[in-house]
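Novice:
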């Protein structure tokens with residue numbers, strides 16, 4: 110960890126390095142389309158697990174090898190190339206790199222151990238160069254007079270007139286008469302209650318439907 114911050118390398122980035130390193134080894138090939146590899150049915154496939162806190166990475170590579178070729182020698186070279194490429198490009202320490210040969214298919218040419226030994230296990234890395242930018246200071250005026258003469262600024266005076274305020278004429282107040290507390294309240298006439306009229310209840314005929322329901326007959 111640096112005082113200026115931390116650097117994180119994702120598993121996707123490491124997987125790209127692993128794929129490029131494995132494909133650079135003679136004798137490796139692809140089996141299946143891209144969709145088959147995503148569905149774990151094609152080769153090559155790679156499982157990468159990065160531990161950023163410890164600075165380590167574990168790799169499992171599932172590859173396909175062409176025939177005729179020394180299969181074990183191809184797998185060993187794939188492991189060496191992947192380990193060297195990941196370590197040199199990312200600075201992560203590879204704890205283990207497992208190689209699984211999942212398919213052997215017929216190739217267009219014979220792969221020999223001499224051809225594998227002649228292939229470098231570490232790609233040629235280019236040094237990182239930083240191009241320094243030229244910093245130019247802006248021109249600063251001295252303490253003397255300005256290079257350009259100043260022109261006087263003339264501002265036309267604008268006369269502001271206040272609008273005339275029109276006020277309505279005052280109206281005479283209307284007197285309000287307030288009753289005295291000694292004045293008796295007006296009389297209120299209430300209608301007398303009406304007497305109630307008597308109601309006679311007679312029973313229904315025995316054969317009437319209302320008799321069965323128990324309804325009263327009022328006259």
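Residue numbers (my numbering): 110 to 328.
Backbone N, C-alpha and C define an ideal beta-carbon position, used for all residues, glycine too.
Owing to the predicted nature of the structure, the values given are computational and were not obtained by experimental measurement.
1. Mind reading off the beta-carbon distance from residue 174 to residue 137? Whole number of angstroms is fine, and I expect it under 8 Å.
2. Name the one or two DSSP bridge partners that residue 112 has.
3. Put residue 194 into one of helix, strand or coil per three-state DSSP.
4. Taking 8 Å as the cut-off, decide whether the C-beta atoms of residue 220 and residue 188 are in contact.
5. To which residues of the same chain is residue 186 closer than 7 Å at the C-beta, ignoring the five residues directly before and after it?
6. Any idea what DSSP makes of residue 224, helix, strand or coil?
7. Looking only at its chain, what residues have a beta carbon closer than 7 Å to the beta carbon of residue 333, apart from the 5 residues adjacent to it on each side?
8. Which residue comes first and which comes last in the beta strand (DSSP E) that contains residue 288?
9. Out of 168, 211, 154, point me to the one whose CA is closest to residue 205's CA.
10. Between residue 157 and residue 166, which are expected to be in contact by the criterion C-beta below 8 Å, what is the C-beta distance as a whole number of angstroms?
11. Drop a sphere of 10 angstroms on the beta-carbon of residue 218, count the other beta-carbons inside from all chains shown, and report buried for 16 or more, exposed for fewer.
12. By Cβ distance below 7 Å, which residues in the same chain neighbour residue 180 in space, the five residues on each side in sequence not counted?
13. Tell me, please, which residues DSSP counts as bridged to residue 172.
14. Which of helix, strand or coil does DSSP assign to residue 157?
15. Let's see if you can read the secondary structure: which residues bound the alpha helix (DSSP H) around residue 121?
16. Given this structure, state the Cα-to-Cα distance separating residue 198 from residue 131, to the nearest angstrom.
Specialist: Quick answer:
1. The residue you call residue 174 lines up with position 65 of the chain shown. The residue you call residue 137 lines up with position 28 of the chain shown. Residue 174 to residue 137, Cβ: 6 Å. Contact.
2. Working through the chain shown from its first residue, we reach residue 112 at position 3. The bridge partners DSSP lists for residue 112 come to none.
3. Reading the chain shown from its first residue, position 85 is the one you call residue 194. Residue state, collapsed to three classes: helix.
4. In the chain shown, residue 220 corresponds to position 111, counting from 1. In the chain shown, residue 188 corresponds to position 79, counting from 1. Taking a C-beta distance under 8 Å as the contact criterion, residue 220 and residue 188 do not qualify as a contact pair.
5. Your numbering for residue 186 matches position 77 in the chain shown. For residue 186, where only same-chain residues beyond five positions count, the Cβ hits under 7 Å are 134, 225, 230.
6. On the chain shown, residue 224 is found 115 positions in, with the first residue counted as 1. The answer is helix: DSSP assigns residue 224 an H, G or I state.
7. This structure cannot settle anything about residue 333, because the visible part of the chain is limited to 110 through 328.
8. Translated into positions along the chain shown, residue 288 becomes position 179. No beta strand (DSSP E) contains residue 288, which DSSP labels as neither H nor E.
9. Taking the chain shown and counting its residues from 1, the one referred to as residue 205 is at position 96. With distances taken between CA atoms, residue 205 lies nearest to 168 out of 168, 211, 154.
10. In the chain shown, the residue the question calls residue 157 occupies position 48. In the chain shown, the residue the question calls residue 166 occupies position 57. Contact between residue 157 and residue 166 holds: their C-beta atoms lie close to 6 Å from each other, under 8 Å.
11. Within the chain shown, numbered from 1, the residue matching residue 218 stands at position 109. The residue is exposed, with fewer than 16 neighbouring Cβ atoms inside 10 Å.
12. Counted from its first residue, the chain shown places residue 180 at position 71. Within the same chain, residue 180 has close Cβ partners 174, 210, 213.
13. The sequence position of residue 172 within the chain shown is 63, counting from 1. Its beta-bridge partners are 210.
14. Numbered from 1 along the chain shown, position 48 holds the residue referred to as residue 157. Residue state, collapsed to three classes: strand.
15. Here residue 121 is taken as the residue at index 12 of the chain shown, counted from 1. Looking at the DSSP string, the run of the alpha helix (DSSP H) that includes residue 121 is 120-132.
16. Indexing the chain shown from 1 puts residue 198 at position 89. Indexing the chain shown from 1 puts residue 131 at position 22. Whole-angstrom Cα-Cα distance: 15 Å.
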